[in-house]
Amino acid sequence: MARIDAKRDDLISLTQALIRIPTLNPPGDCYREICEFLDTRLKEHGFETELVRATGTPGDSDRYPRWNIVARREGAGAGDCVHFNSHTDVVEIGRGWTRDPFGGEIDGDLIYGRGACDMKGGLATSIIAAEAFIEVYPDFQGAIEISGTADEESGGYGGVAYLAEQGFFSPQRVQHVIIPEPLHKDRICLGHRGGWWAEIETFGEIAHGCMPFLGDCAVRHMGAVLERFETDLYPAMAARRTDMPVIPEGARQSTMNINSIHGGQPEQADDYTGLPSHCVPDSCRIVIDRRYLAEENHAQVSGEVEALLKDLAENRSNFRFAMRELNHVAPSMTDRTAPVVTTVGKSVQAVLGKAPDLVASPGTYDQKHIDRIGKLKNCIAYGPGILELAHKPDEYIGVQDMLDSAKVMAHTLAQLLLPREAPRT
Ligand SMILES: [Zn+2]
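To get the numbering used here, take the position in the sequence shown, counting from 1, and add 1.
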């Protein structure tokens with residue numbers, strides 16, 4: 002714990018350095034640069050490193066290669082491997098900033114920048130925790146891994162999913178995974194809800210807008226779909242509660258967002274001064290974003306929407322539709338009694354003097370790939386930062402939060418990798 006306090010300045014400068022590498026996704030900028038930075042840093046501390054390009058995954062190109070780094074530090078003998086996985090990509094800047102988004106400016110206890118909390122602060126925290134632990138206990142048993150991975154913000158296919166396919170998360174190689182996403186230093190996140198994304202199209206027939214009765218308006222058909230969502234689907238979803246400890250409370254049920262709607266002529270650019278021509282739209286499309294619970298399954302979720310559309314096709318004249326799945330992610334929930342949960346829980350208690358809150362995330366993160374592709378169930382998200390700040394302007398991370406979290410992580414390493422010795426607090 003003292004060793005971590007002594008690394009305060011190092012933690013600050015490491016976090017700032019990571020923020021200053023603008024790893025925007027899309028398009029996937031500076032992935033190689035941040036991997037090389039981590040490569041140098043971790044090699045200096047006795048890690049062996051591998052840089053892995055996720056060739057051929059979505060977005061990967063010679064201009065924007067999907068680079069990942071996996072670093073491993075072997076201990077003095079056989080034992081478990083504890084892996085800290087952080088994504089290196091950040092989302093777009095957006096409007097409303099009063100700080101330099103890539104400046105890593107520090108003001109009092111807070112470091113500002115895009116990715117400060119989601120999740121370069123968490124990455125820096127895990128590195129400091131591991132380095133401090135290794136310095137104090139060079140003869141630890143087992144291994145410590147730290148990875149920096151691409152594309153979490155766009156599904157993780159060029160990052161953790163690819164590494165899992167290559168065997169980096171096999172239970173033979175790794176036994177405990179901690180993902181330092183910004184869930185807060187006193188919370189352990191067991192998993193996340195599932196997600197199902199689909200496009201629905203209704204069809205009509207084009208005609209002159211002055212004689213709409215000669216055509217068939219696809220937008221009105223879509224209106225009927227939306228009405229059925231309001232009267233049937235939303236109330237049914239709201240009635241479905243989950244045992245998953247999802248935060249915030251509003252996400253402890255099935256939810257659905259209508260992501261976009263479009264029908265008829267394409268919208269013109271803002272500087273276009275012409276008027277629309279008069280046509281009955283023959284197509285209308287929406288994209289839906291349905292988040293579902295561990296108690297539901299993929300077939301039920303898609304089947305429910307499809308049944309509603311089929312019912313309309315039987316009962317509404319000329320109603321024709323198409324439904325296309327865009328993406329699907331299954332829910333993931335680590336057991337409350339899994340070793341990584343109980344161990345980190347004890348460390349939170351020891352360091353912060355309180356029992357952790359066990360939570361689940363409303364949205365998905367890379368745990369899905371570690372669970373489904375890697376077949377590794379002993380995985381949680383635990384890290385510093387405030388989830389609500391993620392993707393917002395003036396995103397920040399607290400230095401004290403990072404130090405506290407680093408102590409929890411180092412204490413966890415001591416519990417898992419010092420089998421014959423009680424961790425020193
Ligand atoms: Zn994140």
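Where is the CB? At the ideal position from N, CA and C, for every residue including glycine.
Residue 5 sits close to residue 129, with the two beta carbons spaced by under 8 Å. Its chain contains 287, 324 as the residues whose beta carbon lies nearer than 6 Å to that of residue 201, once the 5 sequence neighbours on both sides are disregarded; these appear in chain order. The beta-bridge partner set that DSSP reports for residue 380 consists of 178. Per DSSP, residue 72 is one residue of the beta strand (DSSP E) stretching across 68–75. In this structure, residue 309 places its C-beta atom within 8 Å of the C-beta atom of residue 229. Just so you know, the alpha carbons of residue 125 and residue 411 end up roughly 13 Å apart.
If you check the CB distance, residue 189 and residue 357 come in under 8 Å. For the options 147, 120, 174, the alpha carbon positioned closest to that of residue 153 is the one of 120. Straight-line measurement puts the Cα of residue 187 at about 29 Å from the Cα of residue 374. C-alpha of residue 178 to C-alpha of residue 217: approximately 55 Å in a straight line.
DSSP places residue 300 within a helical segment (H, G or I) once states are collapsed to three. Under the three-state reduction of DSSP output, residue 134 falls in the helix class.
Sixteen is the threshold: when 16 or more other Cβ atoms of the shown chains lie within 10 Å of the Cβ of residue 369, as they do, the residue is buried.
Residue 134 sits close to residue 414, with the two beta carbons spaced by under 8 Å. When C-beta atoms of the stretch 107–115 are compared with those of the stretch 396–407, three or more pairs fall below 8 Å, so the two segments count as touching.
For the stretch 83–166, the full-length alpha helix (DSSP H) segments reaching 4 residues or more read 122–137, 161–166 along the chain. Checking the 7 Å criterion, the Cβ of residue 119 is within range of a heavy atom belonging to ligand 1.
Judged by beta-carbon spacing, residue 175 lies within the 8 Å limit of residue 82, meaning their Cβ atoms are closer than that value. Of the other Cβ atoms in all chains shown, fewer than 16 fall within 10 Å of the Cβ of residue 45; this residue is therefore exposed. Remark: fewer than three beta-carbon pairs, one from each stretch, lie closer than 8 Å, so the stretch 274–285 and the stretch 231–245 are not flagged as touching. Relative to ligand 1, residue 88 has its C-beta within less than 7 Å of a heavy atom. Just so you know, the alpha carbons of residue 291 and residue 141 end up roughly 45 Å apart. With a cut-off of 7 Å, the C-beta of residue 366 is classified as near ligand 1, since at least one heavy atom of the ligand falls inside that distance.
Distance from residue 76 to residue 144 at the Cβ level is roughly 6 Å; contact confirmed, criterion being Cβ atoms closer than 8 Å. Of the other Cβ atoms in all chains shown, fewer than 16 fall within 10 Å of the Cβ of residue 273; this residue is therefore exposed.
Runs of the alpha helix (DSSP H) spanning 4 or more residues and lying entirely within the stretch 322–388 occur at 340–353, 368–373, in chain order.
Take the alpha-carbon of residue 342 and the one of residue 372: they are about 15 Å apart.
Boundaries cannot be given for residue 65, as no beta strand (DSSP E) includes it and DSSP labels it neither H nor E.
A straight line joining the alpha-carbon of residue 105 with that of residue 15 spans about 10 Å. In the structure shown, residue 273 adopts coil according to DSSP, grouped into three states.
Taking 7 Å as the cut-off, one finds at least one heavy atom of ligand 1 near enough to the beta carbon of residue 182. The Cβ atoms of residue 48 and residue 72 sit closer than 8 Å to each other. Collapsing the DSSP output to three states places residue 396 in coil. Bridge partners of residue 258 according to DSSP: 290.
In this model, residue 402 and residue 99 are separated by some 22 Å (Cα to Cα). Residue pairing from DSSP places residue 54 in a beta bridge opposite 68.
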